[in-house]
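To start, the structure itself, in structure tokens.
Numbering (the working numbering), first residue to last: -13 to 233.
Below, the structure written as structure tokens:
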């Protein structure tokens, strides 16, 4: 494998099936032969079957094996926002969590920080080093089927969202875990779910949806940003989704 191939492989996170791995597992072959940089773990697959996560002890064994084969250099990611969007579920023995929306109702950033400490602590104990959270979408459409309906947003104010997100991020950084803010350039005003197809936000999107990103980046955040599968014809004249749109 050439140096370029290794560098390219480091850019990818891959999902896989399996509650455990050995040297013959396809994901380990991808790590060793193709330079795969990381993996993303899920509790269940789209068909409802178990995929990677069953219990704290099982998850620790899985991440430990992944790192042994990778030489302790692997990015291991999950979506652990709190509330509905959690891969480490209370029913499987992990700490219970509340959604961003529920926490924001109380108007106390300290509560966000305390829950984030619990989330980050459980991730660290289980060998996870990258959390694909927090959501920094503004809750501009409460009927939004993937953000508003699941209470994934901290609110409609860019300043409040950035403040709460910073508490979440700080708790993770204190425990050596990277974060990913999402879903750029903003999914909170959309009327449809981009998991089900491309969503056009040209008419509903508001420029203030960018503000949480700028506020957090200006404050020093530089881990990662997740783009959304949304189209904005004002930002990309060719109507290419943000995920594929060129800078």
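Yeah, the Cβ is synthetic: ideal placement off N, Cα and C, and Gly gets one too.
Judged by pairs of C-beta atoms under 8 Å, the segment 79 to 88 does not touch the segment 20 to 33, as fewer than three such pairs exist. Per DSSP, reduced to three states, the secondary structure at residue 110 is helical. Per the coordinates, the alpha-carbon of residue 233 lies some 14 Å from the alpha-carbon of residue 220.
C-alpha of residue 154 to C-alpha of residue 103: approximately 8 Å in a straight line. Relative to the Cα of residue 186, the nearest Cα in the group 168, 225, 213 and 67 belongs to 225.
According to DSSP, residue 36 shares a beta bridge with 30.
Pairwise C-beta distances place the segment 107 to 116 out of contact with the segment 86 to 99, as fewer than three of them are shorter than 8 Å.
For residue -8, the enclosing alpha helix (DSSP H) stretches over residues -11 to -5. Under DSSP, residue 211 takes part in a beta bridge, and its partners are 167. DSSP places residue 87 in no beta strand (DSSP E) but in the uninterrupted alpha helix (DSSP H) bounded by 86 to 91.
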